[in-house]
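Engineer: Structure provided below as structure tokens; questions to follow.
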Amino acid sequence: MQSTDLGNKESGKIWHRKPSPATRDGIIVNIIHNTSDYHPKVLRFLNVAFDGTGDCLIAGDHQGNIYVFDLHGNRFNLVQRTAQACTALAFNLRRKSEFLVALADYSIKCFDTVTKELVSWMRGHESSVFSISVHASGKYAITTSSDTAQLWDLDTFQRKRKLNIRQSVGIQKVFFLPLSNTILSCFKDNSIFAWECDTLFCKYQLPAPPESSSILYKVFAVTRDGRILAAGGKSNHLHLWCLEARQLFRIIQMPTKVRAIRHLEFLPDSFDAGSNQVLGVLSQDGIMRFINMQTCKLLFEIGSLDEGISSSAISPHGRYIASIMENGSLNIYSVQALTQEINKPPPPLVKVIEDLPKNKLSSSDLKMKVTSGRVQQPAKSRESKMQTRILKQDLTGDFESKKNELPDGLNKKRLQILLKGYGEYPTKYRMFIWRSLLQLPENHTAFSTLIDKGTHVAFLNLQKKYPIKSRKLLRVLQRTLSALAHWSVIFSDTPYLPLLAFPFVKLFQNNQLICFEVIATLIINWCQHWFEYFPNPPINILSMIENVLAFHDKELLQHFIDHDITSQLYAWPLLETVFSEVLTREEWLKLFDNIFSNHPSFLLMTVVAYNICSRTPLLSCNLKDDFETVEDMQAKVDQQRVEDEAWYQKQELLRKAEETRREMLLQEEEKMIQQRQRLAAVKRELKVKEMHLQDAARRRFLKLQQDQQEMELRRLDDEIGRKNLTENQEALAKEMRADADAYRRKVDLEEHMFHKLIEAGETQSQKTQKVIKENLAKAEQACLNTDWQIQSLHKQKCDDLQRNKCYQEVAKLLRENRRKEIEIINAMVEEEAKKWKEAEGKEFRLRSAKKASALSDASRKWFLKQEINAAVEHAENPCHKVTAVVSLRRGDLDTDTHREKMIRRPRRKAAIYKPRRENAEETNPVNTFNLASSIVQE
95 MQSTDLGNKE SGKIWHRKPS PATRDGIIVN IIHNTSDYHP KVLRFLNVAF
145 DGTGDCLIAG DHQGNIYVFD LHGNRFNLVQ RTAQACTALA FNLRRKSEFL
195 VALADYSIKC FDTVTKELVS WMRGHESSVF SISVHASGKY AITTSSDTAQ
245 LWDLDTFQRK RKLNIRQSVG IQKVFFLPLS NTILSCFKDN SIFAWECDTL
295 FCKYQLPAPP ESSSILYKVF AVTRDGRILA AGGKSNHLHL WCLEARQLFR
345 IIQMPTKVRA IRHLEFLPDS FDAGSNQVLG VLSQDGIMRF INMQTCKLLF
395 EIGSLDEGIS SSAISPHGRY IASIMENGSL NIYSVQALTQ EINKPPPPLV
445 KVIEDLPKNK LSSSDLKMKV TSGRVQQPAK SRESKMQTRI LKQDLTGDFE
495 SKKNELPDGL NKKRLQILLK GYGEYPTKYR MFIWRSLLQL PENHTAFSTL
545 IDKGTHVAFL NLQKKYPIKS RKLLRVLQRT LSALAHWSVI FSDTPYLPLL
595 AFPFVKLFQN NQLICFEVIA TLIINWCQHW FEYFPNPPIN ILSMIENVLA
645 FHDKELLQHF IDHDITSQLY AWPLLETVFS EVLTREEWLK LFDNIFSNHP
695 SFLLMTVVAY NICSRTPLLS CNLKDDFETV EDMQAKVDQQ RVEDEAWYQK
745 QELLRKAEET RREMLLQEEE KMIQQRQRLA AVKRELKVKE MHLQDAARRR
795 FLKLQQDQQE MELRRLDDEI GRKNLTENQE ALAKEMRADA DAYRRKVDLE
845 EHMFHKLIEA GETQSQKTQK VIKENLAKAE QACLNTDWQI QSLHKQKCDD
895 LQRNKCYQEV AKLLRENRRK EIEIINAMVE EEAKKWKEAE GKEFRLRSAK
945 KASALSDASR KWFLKQEINA AVEHAENPCH KVTAVVSLRR GDLDTDTHRE
995 KMIRRPRRKA AIYKPRRENA EETNPVNTFN LASSIVQE
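Printed below as a string of structure tokens:
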């Protein structure tokens, strides 16, 4: 076993000498990845996947290094470093150089192995992705995590659908069935559903398994033809489901040392048409056992208790097995080496018996009859001969009782009755009936062994001797003849073998195993005595034909004898070509329906019957060359007939094609008419919808207009209210302007009078002017306060009216909320009382200011008069100046003291509103407002 360490290399050879895997383990190479850093460590491989060809695989380790291994070219390459562990891989996409990798951050990335670049990045999972399934076309992919499965379009890398499930029911696996458009979803509650990929329509659900062998499924595998589903779990039982019949048809019990199944995968075979028979079962002990599902026999196993397997992948053509070991390394196995002992070809058909020395036995003593592979002993006495006859009769009776029973529930006698009635088997079931009649073993492994030996030397230049237009047909013929030559050496020197095998190769070119076994069965049962005089023609068989012809048509046989025509000319060409050169395809198929359904001697009778049917042209031939001319003419006539039939068939096909085209045109016209009708209906529906929409729009427009009118009315009401308020404000403003005008006139008068005092004394004038300005500022402030009070009173009046209305409506409609209303009203009344209290204080201050202003006016008038008088007196008598000034100052002090007493006069308390008083006037906010208005007016 070779071992390769990748180390820090990015590319190199996988093996350095030609691998020669041993039969016992079948390992081609063991691949490990050790780092050569300061602290060396082993990088464990986690996942592996093959591409569509089966000759390349990718593997990823727990650090995100992804390698491509080319087993055909013996090269490996590091294609990507993702820097995080990969959880799943897929390498069978439509573009062969691209692969998908699921990473530990729940994302899926697509890389190119050639350019080593990122192609796309797909997100959407919220947990680790453990499975990637790619459609057979490579166009779609399904990624599966424990909580969801998502369907991706690999052309656009967009998510098409998402499968959401309840948290209580987890997903085990969701994958595409091979060569189909069906998605299979398997859940943790053992429910299995099949969905149509395009429409996601549920096609069917598999029934629950029987309770006697009920296991929780964890791993699944499907054959390449998508017909059989294998399921396993924590048990040593395997369930095999037939997806066509949708039922469990077999339960396989593994050995007792198998307690749980970790992985399942079918071993593909190129010649089984997808109906895989060998299943690989990886159990908890790390050993992967390969069993035959039909015979339930263990064929071989890989892995051991010391070197267990963690996971495996099998190449699509079934030649390699890539297994990730529990120690983190990667093993590549050769299936051919593992199955070498199993697939040994059967012994050759023909064996040479050497003669004994002449002095011991005579030739009469050595004479024996070989029939159907059984050797009969020479006759010794009459008693023994009679005993032998009886034994033969018994054996024949047993054979007759069993030979009518065929596989798959068929009965040979019933088939013969059907054949006698219709002359042929149904075309649809012909191949199935032939396989049952011939009882083909369908030994895939043995045939694979013969095919793997390659082209036989005897048929390397087959195309030169038999030029065939179809390259595929030539390859299949060459492969089949080589397999026959490897099976028995005598067939490599049989010149007529290509002629005998060609019609069967042409018929079974898509199933080479069946083709090989049909030819081998024909040779064993119908041609077994053809090689007794090899390499000469079978004289014994030709003699039988001649004897039968002599019995049925002596004249024709005598004619042959007279013209030196032997059976090698009129019988042997028919046998070595099995009538393929003298019959059409349909006639040949009918003939072999009868040959396979009757005794092997039926073939010899057919040769005699063909000559008797052709006796007229044969009797007209007088020369030996004429017979060879007749054979050629017959072949040409047959060829011409075939060509004529082909021409007629072609014309018929053309006529049918013309009719089909006409029908298609009519159907297209009908479809166009229907489309027009549907279009007209759609137009009508659209028109009706448009009318409905217009009507709805008109109604909405009217409603909008109505709402706008209502809004306009409300706006007008608000405007009227504002105008009323404005009129009141204008009246107040007019009154205030009049007061201001009077005040200005008064100020002007005072200023005029004051200017007269300037000459009297500048110092005393400044003091007097300062006092006057302060009094004026106080008066102006009192005016502003009064203005604010009036505006507040008007606003409170509007608010009181509005609140009163609201209170009444709320009292009528929501009596049950009276408690809350009372609290709100109390709060508002308290606020109102505060406002009234504030208004009363302002009113009081206003009256005090007015009285003070009046006193100040009187004082100033008196002061001015006193000053004028004092000035006059001073002019006359200066000694009285000091006395006048002192008196004036005393008068100012008295005025200030009087004003201060008026301001400090105690205010009247405002009444608090209490809703449950008996006096209605006290509980009515309107009455309160009127009372406050009367106070303001006073």
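Anchor point for the sequence shown: position 300 equals 394 in the numbering used here, and the numbering is continuous, going up by one each time. Each residue gets a CB set at the ideal place from its N, CA and C atoms; glycine is no exception.
1. Would GLN883 pass as a contact of ALA933 if the rule is Cβ separation under 7 Å?
2. On the premise that ILE345 lies in contact with HIS331, defined as a C-beta separation below 8 Å, what is that separation, rounded to the nearest angstrom?
3. Over what stretch of residues does the alpha helix (DSSP H) that includes ARG529 continue unbroken?
4. Express the C-alpha separation of GLN733 and PRO631 in angstroms, rounding to a whole number.
5. Residue range of the beta strand (DSSP E) that ILE322 falls in?
6. Are there three or more Cβ pairs, one per stretch, closer than 8 Å when the stretch 139-151 is compared with the stretch 405-417?
7. Can you tell me whether TRP620 is buried or exposed, with buried defined as 16 or more other CB within 10 angstroms of its CB?
8. Give me the Cα-Cα distance between LEU194 and SER530, rounded to the nearest whole angstrom.
9. Identify the continuous beta strand (DSSP E) that holds THR318 and give its terminal residues.
10. By Cβ distance, which residues of its chain are closer than 6 Å to SER274, with the 5 residues on each side in sequence left out?
11. Whose C-alpha, out of LYS559, TRP666, TRP581, GLU536, is nearest the C-alpha of GLU611?
12. Go ahead and pull the three-state DSSP assignment for CYS892.
13. Apart from the five residues just before and just after ALA978, which ones in its own chain have a Cβ nearer than 6 Å to its Cβ?
14. Which one or two residues does DSSP pair with GLY106 in a beta bridge?
15. Counting along the chain, where does the alpha helix (DSSP H) carrying SER664 start and finish?
16. Tell me whether ASP155 sits in a helix, a strand or coil according to DSSP, three-state version.
17. Going by Cα to Cα distance, which pick from PRO694, ARG709, THR539, ALA595 is closest to LEU651?
18. For LEU636 and CYS707, what's the separation of their Cα atoms in angstroms?
19. Span of the alpha helix (DSSP H) holding LEU556?
20. Rounded to the nearest angstrom, what separates MET758 and GLU764 at their Cα positions?
21. Could you spell out where the beta strand (DSSP E) holding ALA235 opens and where it closes?
22. How is ARG838 classed by DSSP in three states: helix, strand or coil?
23. According to DSSP, what are the bridge partners of ASN641?
24. Kindly indicate which three-state DSSP category PHE144 falls into: helix, strand or coil?
25. Suppose contacts are defined by Cβ-Cβ distances below 7 Å. Is GLN174 in contact with ILE152 by that definition?
26. In its own chain, which residues sit with a C-beta less than 8 Å from the C-beta of LEU843, not counting the 5 before and 5 after it?
27. How many Å lie between HIS657 and LEU643 at the Cα?
28. What is the residue span of the beta strand (DSSP E) that VAL195 lies within?
29. Given a threshold of 16 other Cβ atoms within 10 Å of its Cβ, counted over all protein chains shown, does ARG383 qualify as buried or as exposed?
30. Which runs of the alpha helix (DSSP H) fall wholly inside the stretch 909-971 and span at least 4 residues, in chain order?
31. How far does the beta strand (DSSP E) with ASP206 in it extend, from its first residue to its last?
32. Would VAL429 and GLY402 qualify as a contact pair, given that the criterion is a beta-carbon distance under 7 Å?
33. Out of curiosity, what's the CA-to-CA distance linking SER279 and GLU779?
34. Tell me whether THR293 sits in a helix, a strand or coil according to DSSP, three-state version.
35. With DSSP as the reference, label THR176 as helix, strand or coil.
36. Looking at the secondary structure, which residues open and close the beta strand (DSSP E) in which ASP247 lies?
Structural biologist: Per the coordinate set shown:
1. Stepping through the sequence shown from its first residue, residue 883 is reached at position 789. Stepping through the sequence shown from its first residue, residue 933 is reached at position 839. In this structure, ALA933 lies closer than 7 Å to GLN883 by Cβ.
2. In the sequence shown, residue 331 corresponds to position 237, counting from 1. In the sequence shown, residue 345 corresponds to position 251, counting from 1. So it is a contact: roughly 6 Å between Cβ atoms.
3. For the purposes of this step, residue 529 is identified with residue 435 of the sequence shown, where counting begins at 1. Taken as a continuous stretch (DSSP letters only), the alpha helix (DSSP H) holding ARG529 covers 524-532.
4. As a position in the sequence shown, residue 631 is number 537, starting the count at 1. As a position in the sequence shown, residue 733 is number 639, starting the count at 1. If you take the alpha carbons of PRO631 and GLN733, they lie about 27 Å apart.
5. As a working note, residue 322 is residue 228 in the sequence shown. Per DSSP, ILE322 belongs to the beta strand (DSSP E) from 322-327.
6. yes
7. Taking the sequence shown and counting its residues from 1, one reaches residue 620 at position 526. Buried is the call here.
8. Position 100 of the sequence shown holds residue 194. Position 436 of the sequence shown holds residue 530. Roughly 45 Å separates the two Cα atoms.
9. Here residue 318 refers to the residue found at position 224 of the sequence shown. Reading off the sequence shown, one finds Arg at residue 318, where the question assumed Thr. Note, ARG318: premise wrong, no beta strand (DSSP E); not H, not E.
10. One-based indexing of the sequence shown puts residue 274 at position 180. Result list for SER274: GLY320, in chain order.
11. Along the sequence shown, one-based indexing puts residue 611 at 517. Nearest option by C-alpha distance: GLU536.
12. Sequence index remark: in the sequence shown, residue 892 carries index 798 (1-based). Note: CYS892 maps to helix in three-state DSSP.
13. Translated into the one-based positions of the sequence shown, residue 978 becomes position 884. Residue placement at ALA978 cannot be trusted, given a pLDDT of 48 that sits under 50; what the coordinates show is reported in the next sentence. Excluding sequence neighbours, ALA978 sits near ALA964.
14. The residue you call residue 106 lines up with position 12 of the sequence shown. Paired residue(s): PHE170.
15. For the purposes of this step, residue 664 is taken as the residue at position 570 of the sequence shown. According to the sequence as given, residue 664 is Tyr; it is not Ser. Here the alpha helix (DSSP H) through TYR664 covers 661-664.
16. As a first step, residue 155 is located in the sequence shown; it is residue number 61 there, counting from the start. Of the three classes helix, strand and coil, the one that applies to ASP155 here is strand, per DSSP.
17. Numbered from its first residue, the sequence shown carries residue 651 at position 557. Closest by alpha carbon: ARG709.
18. The sequence position of residue 636 within the sequence shown is 542, counting from 1. The sequence position of residue 707 within the sequence shown is 613, counting from 1. About 18 Å.
19. Walking along the sequence shown from the start, residue 556 turns up at place 462. Counting along the chain, the alpha helix (DSSP H) containing LEU556 begins and ends at 556-559.
20. Here residue 758 corresponds to residue number 664 of the sequence shown, with the count starting at 1. Here residue 764 corresponds to residue number 670 of the sequence shown, with the count starting at 1. Spanning the two alpha carbons is a distance of roughly 10 Å.
21. Here residue 235 refers to the residue found at position 141 when the sequence shown is read from its first residue. Counting along the chain, the beta strand (DSSP E) containing ALA235 begins and ends at 234-239.
22. Sequence index remark: in the sequence shown, residue 838 carries index 744 (1-based). The answer is helix: DSSP assigns ARG838 an H, G or I state.
23. Here residue 641 is taken as the residue at index 547 of the sequence shown, counted from 1. In the DSSP output, where bridge partners are listed per residue, ASN641 has none listed.
24. Mapped onto the sequence shown, residue 144 falls at position 50. Looking at PHE144 - three-state DSSP - the assignment turns out to be strand.
25. Working through the sequence shown from its first residue, we reach residue 174 at position 80. Working through the sequence shown from its first residue, we reach residue 152 at position 58. Their beta carbons are not under 7 Å apart, which means GLN174 does not touch ILE152 by this criterion.
26. On the sequence shown, residue 843 is found 749 positions in, with the first residue counted as 1. So the list is empty, once near-sequence residues are dropped.
27. Along the sequence shown, read from residue 1 onward, the residue named residue 657 stands at position 563. Along the sequence shown, read from residue 1 onward, the residue named residue 643 stands at position 549. So the two alpha carbons sit approximately 16 Å from each other.
28. Position 101 of the sequence shown, counted from the first residue, corresponds to residue 195. Segment 192-197, the beta strand (DSSP E) holding VAL195.
29. Your numbering for residue 383 matches position 289 in the sequence shown. Per the 10 Å Cβ criterion, buried.
30. 912-970
31. In the sequence shown, counting from the first residue as 1, residue 206 sits at position 112. Looking at the DSSP string, the run of the beta strand (DSSP E) that includes ASP206 is 202-206.
32. Looking up residue 429 in the sequence shown gives position 335. Looking up residue 402 in the sequence shown gives position 308. Not a contact, by the Cβ cut-off of 7 Å.
33. Against the sequence shown, residue 279 aligns to sequence position 185. Against the sequence shown, residue 779 aligns to sequence position 685. Answer to the nearest angstrom: the Cα atoms are 42 Å apart.
34. As a working note, residue 293 is residue 199 in the sequence shown. Here THR293 sits in coil by DSSP.
35. One-based indexing of the sequence shown puts residue 176 at position 82. In this structure, THR176 counts as coil in the three-state DSSP scheme.
36. If you number the sequence shown from 1, residue 247 lands on position 153. Note, ASP247: beta strand (DSSP E), 242-247.
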